[in-house]
Each structure stands twice: as structure tokens, then as C-alpha cells.
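Take a look at the structure below.
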Amino acid sequence: MNTRRDFLGMGAAAAGLGLFNIGCTGPSVRRPLPSERINVAVIGCGTMGRSNMDRIMQDKRVQVTCVCDPVADACSYGYDKDWSKKWRGGRIPFMERVNEFYKGKVCRATADWRDVVDDPTVDAVLIETTDHWHAIMAIAAMKAGKHVFCQKPLTMSIAEGRRMCEVAEETGVAFQTGSQQRSSSEFREAAELVANGYLGECKTCRIGLSYAHNDSGRNGFSRDARRLKEFPSYWKLTPEEWDMWQGPALHWEDNAVIPGIHGPMVWRWSDRTGNGALPDWGAHHIDILQWALGTELGGPVAIENVTSDIAETADEVFSWPCRFSFDVVYANGFRATVCDSDTAGFNGLKFYAPKGDLFVTRGKIEKPAHLASWKEADLLPTEKHLHKSRGSHESDFVDAIFDPSWKPACPCEVGHRSITVSHLANSCIKTGVKSLKWDAAKETSDNAAVNARADIRRYNGWKLG
Ligand SMILES: NC(=O)c1ccc[n+]([C@@H]2O[C@H](COP(=O)([O-])OP(=O)(O)OC[C@H]3O[C@@H](n4cnc5c(N)ncnc54)[C@H](O)[C@@H]3O)[C@@H](O)[C@H]2O)c1
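Remember, my numbering sits 1128 above the position in the sequence shown when you count from 1.
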């Protein structure tokens, strides 16, 4: 394990040799030497935390030395509706998993994420919590000089995202958004085909966002508040766990405990802790759209034709819609119609073009006949080549930590710009706005009510930083 003592020793040597990356990093940002192993902490020991942790542990340049969750031990993680198939999460099972992996006591567990941020031996953090914590934790970690892998959707609002980008820029840390579709060959191939005009003049696309997490009941837990009582009684939080789980979220009246709200598929439906189905998958598929269109550092010029079922479904606990549809319009006239997957009839992106349509979803790409045998290797040197992760999305992050010239697949600004589109649509839904114009450079719309929602809403004394 790398200790801070090792670091200070090596740091002095490296500084003497001019090895630190002065100029593009803040003074407290550490770039490891190629021979080193970096110490990584996992904040949020739930479903996605386990997935990202397991994959980053495969990278020999990494050692997971700390795991953090206010929940000590719980056995209801995973997205399977069948409780018997769920597995143990929380900081103690995670710590045991890591120690077993490394065959030694290398990992500690803590309930308070600020303890991780204050730990000088931690080089990088994986932020794997509920959405409402991401920005506060990421900003604090970056300011403490940690490299950050943060799950999508990065934020709860556009203003939070802007602040995150500022801090990422100021500190110079490596930052990877957990939008792993950018590290998958089928999505890169689709984006490269569109970006290089292989479909002809492509001006429209339809995007279906999976709503597997809602009241279709196919997967995970229903959005029906009455079913919260079905949550197994063994998964109750202590008052301390509940307090740290809620954190900066607006508390329910009289600080009421909502049993089961902390279940993986449940908190997503509350606008206090999650962003709903639209940004949940919008963070992925709209990200790919912007990659293909070359608008990943900008954005659309308008959101139009917004509809949703929110009026029928919103209640005190579950406040995001299941059904929604909206158009995203870009300056060149490109129009993407985005809706829930049941309405679309698929989960993925379908590009419509004169030379034939292209469909892409996880693990599958369907190309028009004239491109059936096309391979990425056929791209000419003069054509647009999009970022290609050398390994997993997690290793792409590690590559960027070791080598500041390696830009990761989904840096903070890109992740922020991708989720901005979903935040705009969600804000329209909440305010009853059907259409708006968006100025991506100024990050402002022509609608005051939507602009007002793009604020930084944090509660209970927590500050964004
Ligand atoms: N990239 C992807 O494909 C993908 C897939 C699923 C989820 N996600 C994202 O991953 C994140 C986590 O989702 P999940 O489904 O794993 O949720 P989950 O509920 O299974 O896990 C979240 C964990 O965060 C913990 N947590 C809450 N407050 C905390 C705090 N203050 N400190 C430390 N831990 C805290 C919870 O106790 C829980 O263990 C979400 O932002 C979600 O959008 C991404």
C-alpha cells in the first residue's frame, strides 16, 4: 500500500527531478510515478459502487484502501426485483470484499465521507452515492487534491454542474464521469459513423430512455409509494445512517423517515435525492448523441414539445414522471426526439438518414446495409477519430491520473453538458413549460421559471463548496 510517507519521500525526489506536473495541476494534486500504485477510496457501497470497485481492482496500478458508506451492512442491493437475489452492500461487506481480493487487511471502512476527503493517503475517489450527494462530495474531494470518478447523473442542477466544472478546471485533477458507454466499442462506432457522415445527411434521431426502474415493474422496485412497506424489515437505517444518507436533501416534514426510500431503485424517483428516469438514462444516451454531433462541449439551441405524465403521478415521495417526450434541437437543425423506452419501443438511439438508419444500444449496433462490413479500422486518418479507452472505463480514469496528457472518455465538462439537456427537460416538466430556447455559451434559457430551477438547492447546512 502506498502511504503518505512514501508519497512525501517520493514527492521530494520527484520535485527535485522536476517530475511533478506543475502548471496543469494545482499544488496539492499528486501525479503518481509510473512505478507506483495509487490508493483509491469508494464512497457509496451500493449497487454501482460494487460494479465500479470490482472493475478498478482489476487494474494492477490501483489498490482500494478505503470504503465509505453511512450504512454499515445491508443485504438488499442490486436491481433485481426478487429480494432473494439481492446481495450485501454497506461499508463492512465492501471492506471484507476488498480485503479478500487482496488477501490482506489493506482496506478500512468509514461512515463519514469527509474522513476520506481528509485522508492524505487517498489519491482518488469513486463517488457512487445517490445523485443528491455527487456535487458536494466531488467538489470537496477535488479541492483536497483527489482525482475523481463520479457517477452519472453528475448533478441535481445545471448550476451545480457549472461549479463542479470550475473546480475541476482550477484543481487540474483527473475527472471521469461514470458514463461508461463512451468506453464501449458499439457506441464509439455509431458516433464515429454519424460524425463522419457515413449515413449521409442525418438530421433526426429517436432516443428511448429505459424506464425499467418504474411502475412497469419489469426490473427493480415499483414507483408505487404504497409498496414501500414491502421493503424487508431487516433493511432499516439507524438514525445516524438516515441522517448521513439524507444529508443535503430537503428533509420530509418533521424529518419523517420514509421506509425503503434508500433502496437502489427507489430514491431515484424522489426529486430530493434523485433525478428520475429521464436523466438516469438520458445521462447515457444523450451523452452519445452529443458525442456524435460534436456538441459535447456546447449543447442544443432549444428544447421543444415537452410532455409528461407528471400530473397524474407526482406525489409527496415519488415526484418524477414515468412517461415523457421532448425534442432536442441543435443549431444545424438536427432534431432528436427523446422519450421513455415504452413510448419509443426501444432503449437506445436510432438515427434516421437517407443512406439507411442506424440503431445502437448496449452490446448491439445495427448498421445500414452499405456499412455492414465497415470496421472502425476503416476510418481514414483524415476523418474524425473519437476517444478510444484503452481498457475499461475505470482504467481509462487511471490512465488519466498517471498521464495528464491523456484526456479521459468523459471529463467533467462533457458529463455536465450531457446532463444539462436532461436537467432542462426535467425543469420544463416541473414548471409546465412546453418549449424553450437555450444559450449553451451563457448556460441560460429564455424562460425565467426554468432558469430559477437551475439553482443550487442544498439544505441542512451542507454547502456546495
Ligand atoms: N453508469 C451506470 O450505468 C450506472 C448504473 C446504475 C447507477 N448509476 C449511478 O450510480 C449511483 C448510485 O446508484 P446505485 O444504483 O448504485 O444506488 P444504491 O442505492 O445501490 O447505492 C448508493 C449507495 O450510496 C450510499 N450513500 C448514501 N449517502 C451516502 C453518504 N453520505 N456517504 C457514502 N455513501 C452514501 C447508500 O447508502 C448506498 O449504499 C447513482 O448516481 C446512479 O445514477 C450509474
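Here a beta-carbon is modelled for each residue, glycine too, at the ideal position from N, C-alpha and C.
All values reported here derive from a predicted model rather than from experimental measurement.
Check: residue i C-beta below 7 angstroms from any heavy atom of ligand 1
i     : result
Y1480 : no
P1160 : no
H1390 : yes
N1198 : A small fix is needed here, since residue 1198 is Pro in this sequence, not Asn. Answer for P1198: yes, Cβ within range of ligand 1.
Y1587 : no
W1590 : no
Y1205 : yes
E1224 : no
R1373 : Per the sequence presented here, residue 1373 reads as Trp, with Arg not at that position. Indeed, a heavy atom of ligand 1 lies less than 7 angstroms from the Cβ.
Q1304 : no
E1288 : no
I1431 : no
C1173 : yes
M1181 : no
G1404 : no
T1258 : yes
G1217 : yes
M1176 : yes
Q1279 : yes
W1419 : no
D1208 : no
W1395 : yes
Q1308 : yes
D1201 : no
W1448 : no
D1408 : yes
W1502 : no
W1566 : no
W1241 : yes
W1534 : no
W1261 : yes
For residue j and residue i, believed in contact at Cβ under 8 angstroms, the rounded distance
i     : j     : result
P1428 : I1438 : With a Cβ gap of about 22 angstroms, P1428 and I1438 do not count as contacting.
P1387 : Y1205 : Not confirmed; about 17 angstroms, so no contact.
G1484 : L1327 : 7 angstroms
G1402 : T1193 : Incorrect: roughly 29 angstroms between the Cβ atoms, too far for contact.
S1338 : S1469 : 5 angstroms
W1566 : I1264 : Wrong, their Cβ atoms sit about 26 angstroms apart, outside the cutoff.
A1430 : R1334 : That belief does not hold up - the Cβ atoms of A1430 and R1334 are roughly 17 angstroms apart, past 8 angstroms.
I1529 : A1200 : No, I1529 and A1200 are not in contact; Cβ-Cβ is about 30 angstroms, not under 8 angstroms.
G1324 : E1504 : Checking the displayed sequence, the identity of residue 1324 turns out to be Asn instead of Gly. Contact flag wrong, Cβ pair sits at about 11 angstroms.
K1214 : V1245 : K1214 to V1245, Cβ: 30 angstroms. No contact.
P1376 : H1260 : 6 angstroms
D1476 : H1413 : Checking the displayed sequence, the identity of residue 1476 turns out to be Gly instead of Asp. Going by Cβ atoms, the distance from G1476 to H1413 rounds to 7 angstroms, so yes, they are a contact pair.
E1432 : P1198 : Actually they are not in contact, since the Cβ atoms of E1432 and P1198 sit about 42 angstroms apart, beyond 8 angstroms.
Q1304 : A1537 : 7 angstroms
A1252 : V1168 : 5 angstroms
Cβ-based burial, residue i [other Cβ within 10 Å; buried from 16]
i     : result
A1400 : Ala is not the amino acid found at residue 1400; the sequence shown has Arg there. The residue in question, R1400, is buried, as its Cβ has 16 or more Cβ neighbours within 10 Å.
R1518 : exposed
D1527 : buried
L1425 : exposed
G1151 : Any reading at G1151 must be qualified, since the residue scores a pLDDT of 32, below 50, and its modelled position is unreliable; the value itself is stated next. So G1151 counts as exposed.
G1348 : Reliability of the predicted coordinates at G1348 is poor, the pLDDT of 43 falling under 50, and the value obtained from them is presented with this limitation in mind. When all chains shown are included, G1348 counts as buried.
N1460 : exposed
T1423 : buried
H1262 : buried
A1580 : exposed
P1496 : buried
N1342 : For N1342, the pLDDT reaches just 47, beneath the cut-off of 50, and the residue's location in the model is therefore unreliable, leaving the point undetermined.
E1522 : buried
E1288 : buried
L1508 : exposed
N1575 : buried
A1384 : exposed
D1531 : exposed
P1155 : Note that P1155 has pLDDT 45, beneath the 50 cutoff, so the model's placement of it is unreliable and the number below is only indicative. Looking at its Cβ environment, which holds fewer than 16 other Cβ atoms inside 10 Å, P1155 is exposed.
K1202 : The sequence as given places Ala at residue 1202; Lys does not occur at that position. It counts as buried.
Exercise. Hey, which unbroken runs of the alpha helix (DSSP H) at 4 residues or more fall wholly within the segment 1456 to 1509?
Worked result: Scanning the segment 1456 to 1509 for uninterrupted alpha helix (DSSP H) segments of 4 residues or longer gives 1469 to 1472, listed from N- to C-terminal end.
For this session: Take every Cβ of the segment 1449 to 1460, pair it with every Cβ of the segment 1552 to 1560, and state whether three or more of those distances are shorter than 8 angstroms.
Result: yes
For this session: Flag this pair as touching only if the segment 1175 to 1182 and the segment 1213 to 1230 have three or more C-beta atom pairs under 8 angstroms; answer yes or no.
Result: Contact holds between the segment 1175 to 1182 and the segment 1213 to 1230, because three or more Cβ pairs, one in each stretch, are under 8 angstroms apart.
For this session: Please list the segments of the alpha helix (DSSP H) lying wholly inside the segment 1203 to 1236, counting only runs of 4 or more residues, in order along the chain.
Result: 1219 to 1230
Problem set entry | Three or more C-beta pairs below 8 angstroms linking the segment 1308 to 1315 and the segment 1187 to 1202 | no
Exercise. Counting pairs of beta carbons, one from the segment 1367 to 1381 and one from the segment 1409 to 1420, are three or more of them closer than 8 angstroms?
Worked result: no
Exercise. Of all the alpha helix (DSSP H) runs that stay within the bounds of the segment 1152 to 1199, which reach a length of 4 or more residues?
Worked result: 1175 to 1185
Exercise. Going along the chain, which unbroken runs of the beta strand (DSSP E) with 3 or more residues stay wholly within the segment 1248 to 1331?
Worked result: 1252 to 1255, 1275 to 1278, 1303 to 1305
Problem set entry | Continuous alpha helix (DSSP H) assignments of at least 4 residues falling wholly in the segment 1539 to 1567 | For the alpha helix (DSSP H) assignment, the uninterrupted runs of no fewer than 4 residues enclosed by the segment 1539 to 1567 are, from N- to C-terminal side, 1540 to 1559.
Exercise. Are the segment 1279 to 1293 and the segment 1533 to 1545 touching, with three or more C-beta to C-beta distances below 8 angstroms?
Worked result: yes
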